[in-house]
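> For what it's worth, numbering that gives the first Met the number 0 labels the leading residue of the sequence shown as 0, then goes sequentially.
Here's a structure for you.
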Amino acid sequence: MKNRRIKSLTIRLAAVAALLGAALPLQATYAQMGAGAQVDWNSQIVQATDFGTVDMQRMRNKPQAMIMALQAARVNAMAKLAEALNDVNIDQRHLVKDGLAQGSVVSAKLSASLHGAFEIDRNVEWIEGTPMARVTMGVCMTRSSARCQQQPNALIDAVPQTAPAMSMPSLPGASAPVAPMQPAPAPAQAMAAVAPAPQLPAASQPAPAPAPIAQPLTDHATGLVVSLGGAAYNPSLHPVIYTGTPSQPDVVYSGLMVDMEAYRKLGVAAFAPDLAQAKAQSVRVGEAPMVVAAQGADEYGIRISAEDANRIRFSTTHGDNFLRAARVIIASGN
């Protein structure tokens, strides 16, 4: 009888685990991290679920059995959570576990983030007189969500702010913050540097050149929303936005540009399934965010046009520097 009960319980556990590991239709801001573990890039929380049970012949009573089953499930979930944290993307080419090679300090901070794990959900089901407990544990990647604001430890603490240098080791803009590009000179200023052209009769004077469209004087945005338009991209702790080509990139935004206090609280960027949900997050990007369409995404980051890069730089130079405050959201869809 005991063997049949254990076999029945094992089959049920395996069935539930298979459901957790199946390819279920998740939101665009969720990333599956193996069976029972996932990253919610919207709330910036990594979570893992696992199960636990006990041998009732070794238990004194049902309350003790339930407590021990929950404890077993919690231990199993924490082990799975540690594995999931190691596989979180730092950028498009590196995982958190790749950063552990940088030394014991990073490893200690990663362990500290695990110590800050909290219980998200629990459940106990009694099957043929034996408890089957399910526990979901979570760890904050940043402190951007309401649940994580007061957390003393977060995964972002274990990731150096210089992490983009790992992604672009030999490319400009990888090892030091990039100063905002100064706006291009007005047409009259640009003409002052060349020899004056012969004066023509008034009727023959050419029409004045239009003002550069990359520098609208009213484009003082409160934040930045980048639309990927469905392009394949893995959300990461250190997204990089650039213009140009991968061989000659001009970095527009990375974690190196973020104020340290904002970095520890918000990370580098938030993620949303679509533009509507991104723009609705006014707490992050303000009431008038600039919306930019990505030209594509690759192993180095998200590529935008030179015109949009100039708009961003002009706005942050002459208005609110929302990049320094990490007021950036990346939308997966339109």
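Cβ coordinates follow ideal geometry from the N, Cα and C atoms, glycine included.
Taking only the alpha-carbon atoms, compute the straight-line gap between Asn320 and Ile155 and give it to the nearest angstrom.
Residue 320 sits at position 321 when you count from the first residue of the sequence shown. Residue 155 sits at position 156 when you count from the first residue of the sequence shown. The alpha-carbon atoms of Asn320 and Ile155 are separated by roughly 22 Å.
> Please report the distance separating the alpha-carbon of Glu286 from that of Gly33.
For the purposes of this step, residue 286 is taken as the residue at position 287 of the sequence shown. For the purposes of this step, residue 33 is taken as the residue at position 34 of the sequence shown. Between Glu286 and Gly33, the C-alpha separation is close to 37 Å.
> Just to confirm, are Val284 and Thr221 a CB contact at a threshold of 9 Å?
Taking the sequence shown and counting its residues from 1, the one referred to as residue 284 is at position 285. Taking the sequence shown and counting its residues from 1, the one referred to as residue 221 is at position 222. Result yes, Cβ atoms of Val284 and Thr221 sit closer than 9 Å.
> Nearest to Met136 by alpha carbon, out of Trp125, Ser106, Leu84 and Asp54?
One-based indexing of the sequence shown puts residue 136 at position 137. When only C-alpha atoms are compared, the closest one is Leu84.
> Check whether the Cβ atoms of Asp120 and Thr48 lie closer than 9 Å to each other.
Taking the first residue of the sequence shown as position 1, residue 120 is located at position 121. Taking the first residue of the sequence shown as position 1, residue 48 is located at position 49. The answer is yes: Cβ separation under 9 Å.
> Mind reading off the beta-carbon distance from Leu223 to Met140? Whole number of angstroms is fine, and I expect it under 8 Å.
Walking along the sequence shown from the start, residue 223 turns up at place 224. Walking along the sequence shown from the start, residue 140 turns up at place 141. Going by Cβ atoms, the distance from Leu223 to Met140 rounds to 20 Å, so no, they are not a contact pair.
> Buried or exposed: where does Asn122 fall if 16 or more other Cβ atoms within 10 Å of its Cβ makes it buried?
The residue given as residue 122 occupies position 123 in the sequence shown. Looking at its Cβ environment, which holds fewer than 16 other Cβ atoms inside 10 Å, Asn122 is exposed.
> Less than 6 Å between C-beta atoms, sequence neighbours within five positions excluded: which residues of the same chain meet that for Ala268?
The residue given as residue 268 occupies position 269 in the sequence shown. Counting only Cβ-Cβ distances below 6 Å, and skipping sequence neighbours, we find Pro238, Val327 and Ile329.
> So for Pro130, helix, strand or coil by DSSP?
Stepping through the sequence shown from its first residue, residue 130 is reached at position 131. Pro130 falls in the strand class under three-state DSSP.
> Quick one: is Lys278 buried, meaning 16 or more other Cβ sit within 10 Å of its Cβ, or exposed?
In the sequence shown, counting from the first residue as 1, residue 278 sits at position 279. With 16 or more Cβ atoms within 10 Å of its Cβ, Lys278 is classed as buried.
> Alpha carbon to alpha carbon, how far is Gly332 from Arg142? Give it in angstroms, no decimals.
For the purposes of this step, residue 142 is taken as residue 143 along the sequence shown, with counting starting at 1. For the purposes of this step, residue 332 is taken as residue 333 along the sequence shown, with counting starting at 1. Using only the alpha carbons, I get a separation of about 25 Å.
> Just mark Arg73 as buried or exposed, buried being the case when its beta carbon has 16 or more other beta carbons within 10 Å.
Stepping through the sequence shown from its first residue, residue 73 is reached at position 74. Label assigned to Arg73: buried.
> Are there 16 or more other CB atoms within 10 angstroms of the CB of Gly35, so buried, or fewer, so exposed?
Residue mapping note: residue 35 aligns to position 36 of the sequence shown, counting from 1. The residue is buried, with at least 16 neighbouring Cβ atoms inside 10 Å.
> What separation, rounded to the nearest whole angstrom, lies between the Cα atoms of Gln56 and Gln31?
Position 57 of the sequence shown, counting from 1, holds the residue named residue 56. Position 32 of the sequence shown, counting from 1, holds the residue named residue 31. For Gln56 and Gln31, the distance between alpha carbons rounds to 37 Å.
> State yes or no: is the C-beta of Ala68 within less than 9 Å of the C-beta of Pro159?
One-based indexing of the sequence shown puts residue 68 at position 69. One-based indexing of the sequence shown puts residue 159 at position 160. No, the pair does not count as a contact, with Cβ atoms beyond the cut-off.
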